[in-house]
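Here the structure is laid out as structure tokens; the discussion comes afterwards.
Chains as they are written, first to last, in full-length UniProt numbering: chain U, 1 to 452; chain C, 1 to 452.
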């Protein structure tokens, strides 16, 4: 009988193990680790502060090292690998998929990775070196070379006998690839078709034609979007000569999807998406200060706008008190639009054909919300500061800034993308700078003209 | 020979089709649509302004309606379905998976969905009604009931004969489920094991024990994290009596992963993650204004803090000019931490056992970056405003606020999560309010004490 999975259990284990580490009960920890799947140990490592990680790694069965490394995120993996000897690493990679070994080796310093390769047998080394020769963010970098190929002119029962002699198929195999003498892909035979077909049928008559295949240089995000749309579990990869060179499986694609989505979220907050939750303080502080430096420029830009209105501010403190409201609302409204556009760009929904329509729509939303909040905030200011003109100035600035925010929210990510700058990273900051500057200019400008 | 996929082609089609719609060349559009896969038509609909969507839908072969609806995001699907008659909808759902029909029906008004159900044959209707009885965000809502079950005491060649008689297996079948007489799950037989085993082997000897199974009430995000960690392609779902009730396939899980990740990103910008890129203006404006309303409260809170220092602001305009810098830097630094913590919470990396360590680490980072930017901005202010005391005040406020931002950035999302409030939605706004208030209080407070 299967046990029903308890999801609180994972957190309980985490709690138990970290307490045990603190108390030095290493035998208990080792026993816990022996009962855990490699992917759960990886999760435990990610969730552990750095000093506990070292202890955990020492207490883990080295047999599991390879599978665990494969599941760790970039930064945590680097952290763990940095302390391993090349021989231990080479042993750990035994039995791992080629693409996963390449993933581990890529992040190592060149001499260490050469050391690990030197420890492998020739066949394995050549396979891994081939995988390393493709850029990491392409189909070539994602694929595995363990394809099972068959010929088209044989019968189903011959295939079954062949597979029984092989006795094992690579993980996540759902399809056999049908190739010609030159190893060019001509069709796919899914296992479901194989097991439901009569033994005397010829492969060529029951296979699906290979009408779509991924090439080695396809970008990994394009691979992910194809898998998502076509509901594939695996897909063949061919080179420019139509030769079958490997296959990509859904588990690696899921990682790409997760990373791409995390990338947008983390970048929008000015964070590196590789950042380990328990990264070293100095390293994190340095990485993050880059973004704070960009914000210093943005904040000083805003300050120099208000500086232009120094004499106005001198004459009326109420203006200084209220001047932050307009940029704040513009920033929030504009960032709503930026998030929508970044998602649309990532999903491939936004292109030359519909940008204008999107701009019209977001400008209209900005205008409508501008009117709403101009009335509300104008009213609040009139009542609070008992000044009708000041209220009207607030209204005018609010309407202008929310309208500008809608237009800038669409234009900025699209322009950044055209300039090959990541809109998720730079979009929000650029938008906020514009809404700050416009908001302050209009509010302080109107105040200068009508109040002082 | 497979064609090599051209990813620019999708955008080209989009461009061509939308031009053709504008010019009324509907024959061309219909021909284009006939050549496209349903999932690509779905993509085209999502990327099209609303008025083009209607035309596209009219020109699409009704045979494809079901598959297209299944691929559309919530809002776009609602938009399209709203214009369909129940009979057309019932026809469209023929041949769709039960879970996908349930997905389409869930979003319909009750009377329409009853109308559609009434048009189905009894067996289908019962299956769909069962699916509808599970909450949408649980394993029950994700699963499909088309499981292929076998007994443990039969031989491999009997299974193969049985499958050949069936002649077809449900999509994405990679495993047959082994059940006892009461339909309780006792094991899994993967197709790869089936095709590599000798014909006289008994199922019970070659199957994997069902040591982990998902129950119907498991949350969909927990299902997704299990699939990700275990690299599953499909998984059985059991009820409280260990009875096999369905299976979940990776394609539906990928949707959950994508939606969860998008949810974090969109929520952090105060957006509904269902929002259609081309949603109606009024609907969007209303949805977004809720978040702007929350921000009005935050902005007014900040304004009332500066209001407390009205007399200080009256005496020195430079203070008003500089007072926005400290809250701005605190907001950016704090939101970096918030993004890290939200991701950690979503991945299950943060729990009771490591919160303190995380707090210490983020406070240290805040302190370090606080010192750095205190020195830089203090220096800039001294040079710009030629006022050493004002520079020191800037430094003190900056250091305090970045330190507070680190602490608040960890605490706020964790506290919100404990209160069952979505940290992705409320975290950033709560953080910004705190860094605004603290930043202004400290900067204006110090200025009041030391300068006026």
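For each residue, glycine too, the CB sits at the ideal point set by N, CA and C.
Quick caveat, the model's predicted, so the values are computed rather than measured.
{"Check": "Residue 14 of chain C burial status per 10 Å Cβ neighbour count (16 or more: buried)", "Outcome": "buried"}
{"Check": "Closer than 8 Å to chain C by CB, residue 262 of chain U", "Outcome": "yes"}
{"Check": "Touching by the beta-carbon criterion (3+ pairs, under 8 Å), the stretch 190 to 203 of chain C and the stretch 277 to 294 of chain C", "Outcome": "no"}
{"Check": "For residue 212 of chain U, the first and last residue of its enclosing alpha helix (DSSP H)", "Outcome": "Residue 212 of chain U -> not in any alpha helix (DSSP H); beta strand (DSSP E) instead, spanning 212 to 215."}
{"Check": "Residue 442 of chain U: contacting residues in chain C (beta-carbon distance under 8 Å)", "Outcome": "The premise fails here: residue 442 of chain U is roughly 16 Å from chain C at the closest Cβ pair, so nothing lies under 8 Å."}
{"Check": "Counterpart residues of residue 246 of chain U in DSSP-defined beta bridges", "Outcome": "U:237"}
{"Check": "Which of helix, strand or coil DSSP assigns to residue 3 of chain U", "Outcome": "With a pLDDT of only 49 at residue 3 of chain U, under 50, the local geometry of the prediction cannot be trusted, and no value is derived from it."}
{"Check": "Proximal chain C residues relative to residue 278 of chain U, where beta-carbon distance stays under 8 Å", "Outcome": "354, 357, 358, 361"}
{"Check": "Top-ranked residue by Cα proximity to residue 206 of chain C, from C:91, C:191, C:214, C:220", "Outcome": "C:191"}
{"Check": "Rounded straight-line distance, which links the Cα of residue 292 of chain C to that of residue 36 of chain C", "Outcome": "41 Å"}
{"Check": "Coil, strand or helix - residue 307 of chain U by DSSP", "Outcome": "helix"}
{"Check": "Residues within the stretch 167 to 182 of chain C neighbouring chain U, beta-carbon criterion of under 7 Å", "Outcome": "167, 168, 169, 172, 173, 174"}
{"Check": "Host beta strand (DSSP E) of residue 189 of chain C (start-end)", "Outcome": "185 to 190"}
{"Check": "Sequence-distant residues of the same chain with beta carbon closer than 7 Å to residue 369 of chain U, five excluded per side", "Outcome": "333, 402"}
{"Check": "Under 8 Å by beta carbon: chain U residues contacting residue 80 of chain C", "Outcome": "In chain order: nothing, as chain U lies at least about 15 Å away."}
{"Check": "The stretch 237 to 251 of chain U / the stretch 168 to 188 of chain U touching (three or more Cβ pairs under 8 Å)", "Outcome": "yes"}
{"Check": "Partners in chain U for residue 335 of chain C, counting only beta-carbon separations shorter than 8 Å", "Outcome": "269, 270"}
{"Check": "Min CB distance residue 2 of chain C to chain U below 8 Å", "Outcome": "With a pLDDT of only 47 at residue 2 of chain C, under the threshold of 50, the placement of this residue in the model should not be trusted; the figure read from the coordinates follows. It does: the Cβ of residue 2 of chain C has a partner Cβ on chain U nearer than 8 Å."}
{"Check": "Proximity test, Cβ basis, 8 Å: residue 448 of chain C and chain U", "Outcome": "no"}
{"Check": "Residue span of the alpha helix (DSSP H) that contains residue 65 of chain U, given as start and end", "Outcome": "65 to 71"}
{"Check": "DSSP three-state assignment for residue 162 of chain U, whether helix, strand or coil", "Outcome": "helix"}
{"Check": "Within chain U, partners of residue 233 of chain C - CB distance below 8 Å", "Outcome": "172, 174, 233, 250"}
{"Check": "Beta carbon of residue 89 of chain U nearer than 8 Å to that of residue 60 of chain U", "Outcome": "no"}
{"Check": "Those residues which DSSP pairs with residue 149 of chain U across a bridge", "Outcome": "U:177"}
{"Check": "CA nearest to the CA of residue 221 of chain C, picked from C:323, C:258, C:131, C:193", "Outcome": "C:258"}
{"Check": "Environment of residue 356 of chain C [buried if 16+ CB atoms lie within 10 Å]", "Outcome": "exposed"}
{"Check": "Any C-beta of chain U under 8 Å from that of residue 25 of chain C", "Outcome": "no"}
{"Check": "With 16 other Cβ atoms within 10 Å as the buried cut-off, status of residue 450 of chain C", "Outcome": "exposed"}
{"Check": "Inter-residue spacing [alpha-carbon to alpha-carbon] between residue 378 of chain U and residue 418 of chain C", "Outcome": "37 Å"}
{"Check": "Same chain, Cβ closer than 6 Å to residue 117 of chain U, neighbours up to 5 away in sequence not counted", "Outcome": "125"}
{"Check": "Beta-carbon gap between residue 420 of chain C and residue 275 of chain C smaller than 8 Å", "Outcome": "no"}
{"Check": "Any C-beta of chain U under 8 Å from that of residue 317 of chain C", "Outcome": "yes"}
{"Check": "Inter-residue Cα distance where the pair is residue 351 of chain C and residue 345 of chain C", "Outcome": "8 Å"}
{"Check": "Classification of residue 110 of chain C by the beta-carbon crowding that lies within 10 angstroms, buried from 16 upward", "Outcome": "exposed"}
{"Check": "The alpha helix (DSSP H) enclosing residue 394 of chain C, as first and last residue numbers", "Outcome": "388 to 418"}
{"Check": "Neighbourhood of residue 73 of chain U by C-beta distance below 8 Å, restricted to the same chain and skipping five residues each side", "Outcome": "46, 274, 276"}
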